[in-house]
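**Student:** Before I ask anything, let me first share the structure, which is written out below as structure tokens.
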Amino acid sequence: MQHLPWLHAQNYLAIPDEFSVTGYNNSIMAVSCEPELTSVDNKLELLCQTTVQHMIALLEKQEEVEQQILVPCEIVRRCTTDF
583 MQHLPWLHAQ NYLAIPDEFS VTGYNNSIMA VSCEPELTSV DNKLELLCQT
633 TVQHMIALLE KQEEVEQQIL VPCEIVRRCT TDF
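Here the sequence shown stands for residues 583 to 665, where the numbers follow this note's numbering.
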């Protein structure tokens, strides 16, 4: 990610026309660079809340905890992809 501004400023690669870049976790860093980074938002806060709730339930033996829990994610399209 630290190379994106340099590549963009030097016109070394046309982002996203010649080269697409994506990130993961949709952190504040994704919007702090130029061009802004397309990223997968893995809903980290929801993931953490769900994990803690299920750990507490398991430790307190309140309920049977699901073995597999799916937390939806989404692609946040910004300036580094053209799809």
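All residues carry an ideal CB built from backbone N, CA and C; glycine is no exception. Quick caveat, the model's predicted, so the values are computed rather than measured.
(1) Buried or exposed: which applies to C615, given that a residue is buried once 16 or more other Cβ atoms fall within 10 Å of its Cβ?
(2) The beta strand (DSSP E) that contains E627, what's its start and end?
(3) Which residue or residues does DSSP assign as beta-bridge partners of D623?
(4) Determine the burial state of A612: buried for a count of at least 16 other Cβ atoms within 10 Å of its Cβ, exposed for fewer.
(5) Let me know if I597 comes out buried or exposed under the rule of 16 or more other beta-carbons within 10 Å of its beta-carbon.
**Tutor:** Inspection of the coordinates gives the following:
(1) buried
(2) Counting along the chain, E627 falls outside any beta strand (DSSP E), though it belongs to the alpha helix (DSSP H) covering 626–641.
(3) E656
(4) buried
(5) buried
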